[in-house]
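Down below is the structure, laid out as structure tokens.
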Amino acid sequence: MAAQTGLLAPAFMSRSDVPVFSPVALSAEAAPFTPLGMDGWRLGSPSDVEKQFSRCAAKLRALRADSGQLREELNLLFDQLLSENYNKTFDPNINIRPEDVCTLLKHVSCLVPLSQEHLVIKLCQLVHHLLNQLKVIMDERTLDVLVNYTAGALKVCSTWTHSDVLLALSTIVYGNGPQCHQHLNDLLGEDGVLLLYSSPSQPNMELRRVALTCMANICLRIPGQPPLDDQYRSVSFRVFLKTLQSPKPPNTDELFYCMVIQAALKGLQCCLSGGKWKFGGGEEVGSVLAALKRLLFQGTPGVSVEWPAVLYPSPLPQYEGLSASKPVEPPKPIESQKDSALPGKTSGNKKRKSRGKGKKTSTESRGDDGEEDDRDPVPELQKGGGREGGRGEVESLSKPSGPSLYPSWKKTSSDSEFSDPEGSAQSKLRLYHGRVRQGALHCLLAVVKAVEKRTLYGYWSSFIPDSPVGGLPPLTLLTIIRKDPSPKVRASALQVLSAMLDGSRQFLAVAEDTASPRTSYTPFSFSLATSVRELHRALSLALLAETSPQTLTQVIKCLAYLVANAPYHRLRPGLLSPLWKQMRPYVRHRDVNVRVSVLTLYGALVTTQAPLPEVQLLLRQPEGSSSSGSFTPQDSALSWRQRDGVSSPSRTPVKPSLQSSHTHSPHNPRTPGEEDTAPPWLLQLCVSLVTQPREDQSDSEGAGTGGGAALEPSPVRLEALQVMSHLVRGYFSLAQACLCEIGQVSARCLGETDPSIQLHGAKLLEELGTGIIQQYRPENNVPESLRVPVSQEKTQLMCITVLLGLTYSENYLVKTAAVRALGVYILFPCLREDVMFVADTANTILAALDDRSPNVRAKAAWSLGNLTDTLIVNMESVGVDFQEELSDMLLLKMLQAATRASADKDRVKSNAVRALGNLLHFLRQSQLSRSAFQRPLEDAVLALVKTVQSEATMKVRWNACYALGNAFRNPALPLDSAPWSCDAFSSLCHVVTSCKNFKVRIKSAAALAVPAKRGCYGDLKQFSCVWRSLATALENSEDTNDFLEYRYSASLRHTLSQALLHLLSVSQSQDMPALGASLAGEEGRGIKEHLIKYLRAEEGGGEGAEGEKDAVGYSFTPQQRVGGLQETLIRLKELKAEGEGWGEEERGKEVVVHFLEDLLKTCEGP
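Here it is, written out as structure tokens:
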């Protein structure tokens, strides 16, 4: 059988193959003795392996079907090829071309007739041996020839050969399922050979295992290739599920049964990977989860449960219970049972290396269970639990309840799965049971990723406990995380739990336990809060008990996901404090990945629902106040930095104010006054990690070069910088105690050569600027005495100078961060009023607007929008002096650049049109009258018009409408005479009546109400068009089928009413006929009803109305609205009709005056 091929290889080595060593004279000058490596007794050197392959391949290619002694030659050459080890991990110098292997196999398949079954077996072993060890990617012709040959062998040859034939076929079709479509019906059709051999009724377990492996390899999807046809994928899915649901056949060896289950789990994982769930509704999901849950506890002593055939979505706990007296029972042999476990690759840390899993048996092949088991599960981990920004929390400790499920793995000195002697059958059985549990967890991870989140939430109670601790513990993922003897299985369970928690914020937002629970029933919100608390408790215990660094990293990351998604503002305080203290010692852990994950968790703690009162208190605590009692049993292994924060004399202090992070003693607590002003311990720690050399040069990432003290590894420094950014953003009032030091850290990072450090240094500097600006916003109630002074100082100027230089970095991420940071700092009063700085920043941003990276262009457009915002502020606060000092040519360049950017992608366009509106508002009469500005001015307005009428995203369109309104504020803009004026008004009139998005309508109506004089609206025809558009929009302000838009209808009517009253306030006698005709009929009655509501303030601005006061220029109090209407009425009464149509104008005026008088009377009445 194929399983024995690898073990028999040495038997084919002749005496002549033994290496011959030349005699060496014994002398003092002789070369020192070097022991022969473990591969020294292979056939000579690596080149000899290639020569042997070439010799055998040449002889085989020379053979013909009619050659004499063909059978003997084939036997000999096959044996010689099978005796070699071509594995490149064994010898990376082996260089055999894939095309040579393909040519050889195609030729040999023509030489071996299917009637020579022993030769067929050897050929199949050779196919598997070469393709598997050399990792050959076959061309289409070779694939077709080999699939034809093996499929023919399955039809013609005796059954005893089929195990080896299927093994070869599984290697051939690995990842090539869609390319074998012409053979799939024979293999997976109604009477397909794979369906026959994979059936639970198949007595030959080896045949069944290999058939399942072959099906799994057909379903395997290689990235970039099309998936297998849904028809065959569904057939395979049902076979895998049925295999998992079926009980172990009587008199079957447990090891063989485990191998069959492993193959089915991997097949099911292949069916689910890389796409959404396509295998039926809730019944199928429940069946898969039920089978999976049973296999999560495969081979665990003391577990005796009546496992259900289907799990049903329910918030209540189901089925679980322990019975130590009953033996382990197989699942119910119900044919309709729909349990299935989904094998999914673990998802974990990118940097984590897979540990050895023992020797591979000779049956392990590409796609077979052994080979897959030895593969590092990193790819899936990178997508799932290995994400950089996890969140987590600590759970209060309590005594475990119920009987222990497993032997105490903590008592052993090693967590290896090979702690027993290699030959022990019991040890091997435990290993295979562990592989089944790990495969089931991989499978569950695939289910979590494939099934819609809403569907999965119904099954949470089956995998996460939702009841208070007490009585016998339920069997959940937390049971595995705390009790399973295998660190790999525990890590896989943590990956699954992390994937379930990831993105669950909306679901967990319902959790609440601040109110006292009712005695009559338990609300769902309270049950969910209990789940969160139980997750804290169990993960905290797992953190204390875990000894494997890789698994410890996953525990901390899982806590980070929990922190990121749990609603702590709705839960009783006290969950975060134990976690905060418990994590302290792990900052000093020897493993760099643990240190990074701890910082990630701290970042989550200061990010979630910031600012949280509990976290504020923790940040205010001095370092020593929470250190006592927080050390874990592993402290002896953690202290690579001296415990209690005491620094080695070799460490260079950052600043006196931050030095306390290393010198503060828990025995010398600060006074309360000092605690309030002292910088947070976490901030001190992060500054130290970024700037100071580490003490231990024997760290896992290696010592520093050049004999000097090395800084922390880059991942630790980057994570520390991110935590500092989170702290500054969420808890600025606490971080501002050491802003100078943070600025120095940013300046240092900006000056380093590592682009990643530069990037996060720029982001930290941006957060600093944003925090300072927020303090000066009108809505912020920070007292003047507590605000950070914004005067220029040395560190700030140095950072700004470096930022300007980094905008020319070759790394687009650094350039993006630097450009955005400039967009923040240009808002500082001391900088925005500096004409030279504004000019330098503008030129830098304009250069970035032409960058080939869309990310850089998007941030540059945002920064340009901010810069032009400051131009408007300066125009109003500084006055004409600032406008005159700013270069005309620079303004022209900004106008032209913003016009070009308005044709870019939407994320660039949305801020480019904002900048255009500001620039059109800022330009003075002297500039607008210059010929150099004429064409760019027209192009800018037409760009806004085009954007308003385009099919761009709604955000872009309402920004364009706002920009036109902003431009209309400029009294120097020739709205009455410019040829583009008509296009601008027409585009707004069209949008206000026809756009489906009500926010765009609101912005366009506000823009139409901006011009302060009647002349700006153009002739009578254009003025009438604006009036009719606004009146029509008001009449149709409730016509929408989208509820999300309907919520803005009140705001839309509010703005339209303002705009109509504004038009009446500027109207002249020539407008009266058109206005009178509109107000006299049915349309007038509808307008009157809406205006009454507006004047009485019966209908507030509603959602989306914020900012409309500035856009229109009216105040919102009812008295002022009525007062404005009275002024309009008085002015209209004084109008004198002139010209030939004075009679018609007088009649129209009477209608309008009567309308307004009636409106006033109604509003002033009771």
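Sequential numbering of the sequence shown, starting at 10, is according to the working numbering.
Just so it is clear, CB atoms sit at the ideal spot from N, CA and C, and this is done for glycine as well.
Keep in mind that this is a model prediction, so the values were computed, not measured.
Any idea what DSSP makes of residue i, helix, strand or coil?
i, result
"L72", "coil"
"P107", "helix"
"L253", "helix"
"P1127", "helix"
"L720", "strand"
"P187", "helix"
"P622", "helix"
"P764", "helix"
"P532", "coil"
"P838", "helix"
"P122", "coil"
"P259", "coil"
"P702", "strand"
"W1012", "Checking the sequence, you will find Lys at residue 1012 rather than Trp. Helix at K1012."
"E1047", "coil"
"G311", "coil"
"F942", "helix"
Once you ignore the five residues that flank residue i on each side, which residues in its own chain have a CB closer than 7 Å to its CB?
i, result
"E263", "L438"
"T1171", "I1101"
Report buried or exposed for residue i, applying the criterion of at least 16 other Cβ atoms within 10 angstroms of its Cβ.
i, result
"S1003", "exposed"
"M845", "exposed"
"Y1176", "Absent from the structure is residue 1176, since the part of the chain shown begins at 10 and ends at 1175."
"E1136", "exposed"
"C133", "buried"
"Y530", "exposed"
"G77", "exposed"
"D1167", "exposed"
"C970", "buried"
"Q515", "exposed"
"G1132", "exposed"
"D493", "buried"
"N260", "exposed"
"V889", "exposed"
Output needed for residue i: all residues of its chain with C-beta closer than 6 Å, excluding positions within five of it in sequence on either side, in chain order.
i, result
"S996", "V954, V957, Q958"
"A826", "L768, A771, K772"
"V828", "T816, A857, K868, A869, S872"
"S1058", "S1046, E1047"
"F288", "F246"
"V1075", "R1023"
Under the assumption that residue i contacts residue j (Cβ atoms under 8 Å), give the Cβ distance between them as a whole number of angstroms.
i, j, result
"V1019", "G974", "5 Å"
"V136", "I103", "18 Å between Cβ atoms; not a contact."
"A177", "L113", "A177 to L113, Cβ: 14 Å. No contact."
"P122", "I146", "Contact doesn't hold; Cβ gap of about 28 Å is too wide."
"V154", "S118", "6 Å"
"L237", "G276", "Actually they are not in contact, since the Cβ atoms of L237 and G276 sit about 12 Å apart, beyond 8 Å."
"L453", "L568", "Between L568 and L453 the Cβ distance is about 20 Å, and since that is not below 8 Å, they are no contact."
"A924", "G874", "5 Å"
"A1015", "T1064", "5 Å"
Short of 8 Å in beta carbon distance, which residues of its chain neighbour residue i, apart from the five on each side in sequence? Order them along the chain.
i, result
"S167", "E126"
"T1049", "K1005, F1007, Y1055, S1058"
"L2", "What is shown of the chain runs 10 to 1175, which leaves residue 2 out entirely."
"D200", "none"
Looking at the C-beta of residue i, does it have a partner C-beta in chain C at a distance below 8 Å?
i, result
"G284", "Chain labels in this structure do not include chain C; a single protein chain is all it has."
**Q.** Three or more C-beta pairs below 8 Å linking the stretch 959-977 and the stretch 933-944
**A.** no
Q. Counting Cβ pairs, one atom from each stretch, are 3 or more of them under 8 Å apart for the stretch 827-844 and the stretch 778-788?
A. yes
**Q.** Touch test, the stretch 590-607 against the stretch 536-548, Cβ-Cβ under 8 Å, three pairs minimum
**A.** no
Q) Touching or not, the stretch 726-743 and the stretch 613-621, by the rule of three or more beta carbon pairs under 8 Å? A) yes
Q.
Taking contact to mean 3 or more Cβ pairs, one atom from each stretch, closer than 8 Å, check whether the stretch 1032-1041 and the stretch 976-990 are in contact.
A. no
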